[in-house]
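Line by line, the protein sequences give chains Z and W.
What the first sequence shows, in full-length UniProt numbering, is residues 1 to 321, in sequence order.
What the second sequence shows, in full-length UniProt numbering, is residues 1 to 321, in sequence order.
No residue lacks a Cβ here, since even glycine has one placed at the ideal position from N, Cα and C.
In this text, all values refer to a predicted model and were calculated from it rather than measured experimentally.
Shown next, in structure tokens, is the structure this report addresses.
There are 2 protein chains.
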Amino acid sequence: MQSFETLSQQFATRFQTDHFPAAPATLYDPNRYFLKLGGKRVRPVGVLMGNELFDTIVDDAWAVATAVELFHNFTLIHDDIMDAAPLRRGQPTVHEQWGPSTALLAGDVMLVKAYEYLNGISAKYIVPINRLFNNTAREVCEGQQLDMDFEKHDAVGLEQYLHMINLKTSVLLAAALRMGAILGGAGERNQNLLYEFGRKLGLAFQVQDDYLDAFGNPEKFGKQVGGDIKSNKKTFLLIHALETASGSDKEELASLLAGNAPDKVERVLAIFHACGVDAWARELKDRYLQEALTHLEDIAVLSKRKEPLRELALYLIHREA
Amino acid sequence: MQSFETLSQQFATRFQTDHFPAAPATLYDPNRYFLKLGGKRVRPVGVLMGNELFDTIVDDAWAVATAVELFHNFTLIHDDIMDAAPLRRGQPTVHEQWGPSTALLAGDVMLVKAYEYLNGISAKYIVPINRLFNNTAREVCEGQQLDMDFEKHDAVGLEQYLHMINLKTSVLLAAALRMGAILGGAGERNQNLLYEFGRKLGLAFQVQDDYLDAFGNPEKFGKQVGGDIKSNKKTFLLIHALETASGSDKEELASLLAGNAPDKVERVLAIFHACGVDAWARELKDRYLQEALTHLEDIAVLSKRKEPLRELALYLIHREA
Numbered sequence: 001m002q003s004f005e006t007l008s009q010q011f012a013t014r015f016q017t018d019h020f021p022a023a024p025a026t027l028y029d030p031n032r033y034f035l036k037l038g039g040k041r042v043r044p045v046g047v048l049m050g051n052e053l054f055d056t057i058v059d060d061a062w063a064v065a066t067a068v069e070l071f072h073n074f075t076l077i078h079d080d081i082m083d084a085a086p087l088r089r090g091q092p093t094v095h096e097q098w099g100p101s102t103a104l105l106a107g108d109v110m111l112v113k114a115y116e117y118l119n120g121i122s123a124k125y126i127v128p129i130n131r132l133f134n135n136t137a138r139e140v141c142e143g144q145q146l147d148m149d150f151e152k153h154d155a156v157g158l159e160q161y162l163h164m165i166n167l168k169t170s171v172l173l174a175a176a177l178r179m180g181a182i183l184g185g186a187g188e189r190n191q192n193l194l195y196e197f198g199r200k201l202g203l204a205f206q207v208q209d210d211y212l213d214a215f216g217n218p219e220k221f222g223k224q225v226g227g228d229i230k231s232n233k234k235t236f237l238l239i240h241a242l243e244t245a246s247g248s249d250k251e252e253l254a255s256l257l258a259g260n261a262p263d264k265v266e267r268v269l270a271i272f273h274a275c276g277v278d279a280w281a282r283e284l285k286d287r288y289l290q291e292a293l294t295h296l297e298d299i300a301v302l303s304k305r306k307e308p309l310r311e312l313a314l315y316l317i318h319r320e321a
Numbered sequence: 001m002q003s004f005e006t007l008s009q010q011f012a013t014r015f016q017t018d019h020f021p022a023a024p025a026t027l028y029d030p031n032r033y034f035l036k037l038g039g040k041r042v043r044p045v046g047v048l049m050g051n052e053l054f055d056t057i058v059d060d061a062w063a064v065a066t067a068v069e070l071f072h073n074f075t076l077i078h079d080d081i082m083d084a085a086p087l088r089r090g091q092p093t094v095h096e097q098w099g100p101s102t103a104l105l106a107g108d109v110m111l112v113k114a115y116e117y118l119n120g121i122s123a124k125y126i127v128p129i130n131r132l133f134n135n136t137a138r139e140v141c142e143g144q145q146l147d148m149d150f151e152k153h154d155a156v157g158l159e160q161y162l163h164m165i166n167l168k169t170s171v172l173l174a175a176a177l178r179m180g181a182i183l184g185g186a187g188e189r190n191q192n193l194l195y196e197f198g199r200k201l202g203l204a205f206q207v208q209d210d211y212l213d214a215f216g217n218p219e220k221f222g223k224q225v226g227g228d229i230k231s232n233k234k235t236f237l238l239i240h241a242l243e244t245a246s247g248s249d250k251e252e253l254a255s256l257l258a259g260n261a262p263d264k265v266e267r268v269l270a271i272f273h274a275c276g277v278d279a280w281a282r283e284l285k286d287r288y289l290q291e292a293l294t295h296l297e298d299i300a301v302l303s304k305r306k307e308p309l310r311e312l313a314l315y316l317i318h319r320e321a
């Protein structure tokens, strides 16, 4: 049983290989550039850990992990176009550097490359792995579309937001773990439990992400605090505040959202505190984390095999605020 | 042995099914809209005809044909974004109707759907069909990138242009036919010959397309003649003219390309005639068509089985100018 860190380093080393042909460089250099920007590689390591929970890591797991990471990078390149984001991990995005048309095509070909890796695994796993991969890919697209739809809606309920976040961010981690479980020979029940572990962990992670954007320590969080508030982004926090604030808080929140007051962040945070949004979010995060860990406990393998996944959950959720 | 028309109608009927879930409608309605715009469905029928050249059409051929047509539509949706095209088949494009972000995602999910169909075919064909599909998908992206690169270059040679056209438009028809051949149980040699038939036919078709844009009868061609000339589009004709014009023709052509004279189309056409570009293009088209037909003749099946493919070639290339 290997830790997240060990597997992440191993994956990073293997992933450094050149995944693309030399020519045309105008298409593939952007892909090479983007993959070099790095990342925590949580999802591909999820494949490896899902596999190792049940058996020794098989060769196919590395190919599937690579496909999952390429898929994730395809979504990032295309999301950056849609969000008109200038930076990714502190560096210019692909569309910023090479224009939106090349970014669009670079993303497309990144997705095709993911499928090429999937087509190289043992014949008996191709159908089930591709089925899960395709379903998940479709769900991630749906989640991104819902996220864009919500930007145009005034009222987004907590249920709707949860549904969107589940599709946009949770199912890929869940599916990565489950693909590993399939390759490890896990039965259907264990596969489902591991999938649910990943899904709940993803939700806990998103609550935490929303929380840190508002209440995090800027030095440790690594990005500007209050960005979501400034841009009126619908988050767990804002949605809960809009659902629970009353009287003058409710009115002030509405008027703050309608404008760009210089003290907007401080005043919205004050309302969040007054509504108890911070405590609520911490509890929600803990609940999802607890549910995730319960699913993990229920998986029918020796408890000590689960240790790396338990550590991963705590590492992802208890990162420094 | 069924004709292109018969198979095209059968395919159109089957393809009318709803390929996408109901929700989110904001994502899938654009896909449904785009598929309803229609088209000649040449590529999916290529799969069916490639199959029937060797054997009775199998169920898998319909699934692969569907995947090929969904892939083609994915490229059209994304190409329309890149070209900022307002219309497709006389109707607003997806990005024009729903914005570029939704068009981007609608294309992405169309591609994923294509892979879903491929994952449903008989296990023994999944790997070879996906390998060819993936290679082709990558090549089509490369062709589109080269096409965009060429817009920025002053000098594009005939060889380079051929390479681009081959990737952007020929390999998909070639691969469609070959996928059908694989499903029909064809051997490697016959597969290669059919692939080359499709590739050469694609090149002949593109020469013809470039030719008609300049020399076609506007009433029969169905679109404005001279569009490529007005936009300085690199075509077989312009590239050949730039390579062969000399003296005053060469100078005049350069100055016409640098400006937007009201009589630009007429004057460029006059230079084309002076350089013999029209006769050259007709000969080039005939040569590719002849090479295609020779490859078809070399395929080791009874000649009468080839009749529908021969007819398809003549139908595609001798369409009314």
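Opening and closing residue of the alpha helix (DSSP H) in which residue i lies
i	result
Z/Cys275	No alpha helix (DSSP H) contains Z/Cys275, which DSSP labels as neither H nor E.
W/Ala106	Pro100 to Leu118
W/Thr169	First-last for W/Thr169: undefined, no H or E at that position.
Z/Gln208	Glu188 to Phe215
Z/Glu44	The amino acid at residue 44 of chain Z is misidentified as Glu; the sequence shows Pro. Here the alpha helix (DSSP H) through Z/Pro44 covers Val42 to Glu52.
W/His72	Asp59 to Asp83
W/Gln9	Phe4 to Phe15
W/Asn260	Where W/Asn260 is concerned, there is no enclosing alpha helix (DSSP H), given that its DSSP letter is neither H nor E.
W/Val301	Looking at the DSSP string, W/Val301 is not in any alpha helix (DSSP H), and its letter there is neither H nor E.
Z/Gly227	Gly227 to Lys230
Z/Lys124	Ala123 to Lys152
W/Pro30	Ala25 to Lys36
Z/His240	Phe236 to Thr244
Neighbour flag for residue i against chain W, beta carbons, 7 Å
i	result
Z/Arg138	yes
Z/Met148	yes
Z/His19	no
Z/Thr26	yes
Z/Glu142	yes
Z/Met164	no
Z/Ser101	yes
Z/Asn73	no
Z/Gln145	yes
Z/Met1	no
Neighbour flag for residue i against chain Z, beta carbons, 7 Å
i	result
W/Tyr33	no
W/His318	no
W/Gln160	no
W/Ala321	For W/Ala321, the pLDDT reaches just 43, beneath the cut-off of 50, and the residue's location in the model is therefore unreliable, although a value from the coordinates is still provided. It does not; no Cβ of chain Z falls within 7 Å.
W/His78	yes
W/Asn232	no
W/Met49	no
W/Asn190	no
Candidates the options: closest to residue i by CA position
i	options	result
W/Ala313	W/Val301, W/Arg43 and W/Ile77	W/Arg43
W/Gly157	W/Tyr315, W/Ile239 and W/Lys306	W/Ile239
Z/Lys233	Z/Ala245, Z/Tyr211, Z/Val112 and Z/Glu219	Z/Tyr211
Z/Pro92	Z/Ala258, Z/Leu37 and Z/Asp209	Z/Leu37
Z/Val207	Z/Leu183, Z/Phe236, Z/Leu193 and Z/Asp249	Z/Phe236
Z/Glu151	Z/Leu257, Z/Arg267 and Z/Ala300	Z/Leu257
W/Ser8	W/Pro30, W/Leu309 and W/Ile317	W/Leu309
W/Ser101	W/Leu242, W/Ile165, W/Met82 and W/Glu159	W/Met82
W/Glu289	W/Ser170, W/Asp29, W/Leu269 and W/Ala103	A quick correction: the sequence has Leu, not Glu, at residue 289 of chain W. Checked all of W/Ser170, W/Asp29, W/Leu269 and W/Ala103; the closest Cα to W/Leu289 is W/Ser170.
W/Leu105	Z/Gly143, Z/Val112 and Z/Glu69	Z/Gly143
W/Leu194	W/Asp29, W/Ala300 and W/Asp18	W/Ala300
Z/Leu70	Z/Ala85, Z/Glu96, Z/Cys275 and Z/Asp18	Z/Asp18
Z/His163	W/Met1, W/Ala281, W/Arg178 and W/Pro24	W/Pro24
Z/Phe54	Z/Ile317, Z/Tyr315, Z/Leu302 and Z/Val109	Z/Leu302
W/Val127	Z/Lys124, Z/Asn134, Z/Ile129 and Z/Asn119	Z/Asn119
Z/Thr274	Z/Gly227, Z/Val68, Z/Lys250 and Z/Leu132	One detail in the question is off: residue 274 of chain Z reads as Ala in this sequence, not Thr. Among Z/Gly227, Z/Val68, Z/Lys250 and Z/Leu132, the Cα nearest to that of Z/Ala274 is on Z/Lys250.
Near the ligand FMN: residue i beta-carbon under 6 Å from a heavy atom
i	result
W/Pro21	Of ligands this structure carries none, so the ligand FMN is not represented either.
One or two residues paired with residue i in a DSSP bridge
i	result
Z/Leu314	Z/Leu314 pairs with nothing; no bridge assigned.
W/Pro92	W/Leu87
TODO: Can you give me, in chain order, the residues of the region 173 to 184 of chain W that have a beta carbon less than 8 Å from any beta carbon in chain Z?
DONE: In summary, no residue of the region 173 to 184 of chain W has a CB separated from any CB of chain Z by less than 8 Å.
Task: chain B contacts from the region 103 to 130 of chain Z (Cβ-Cβ distance under 9 Å) - done: Chain labels in this structure do not include chain B; the protein chains are Z and W.
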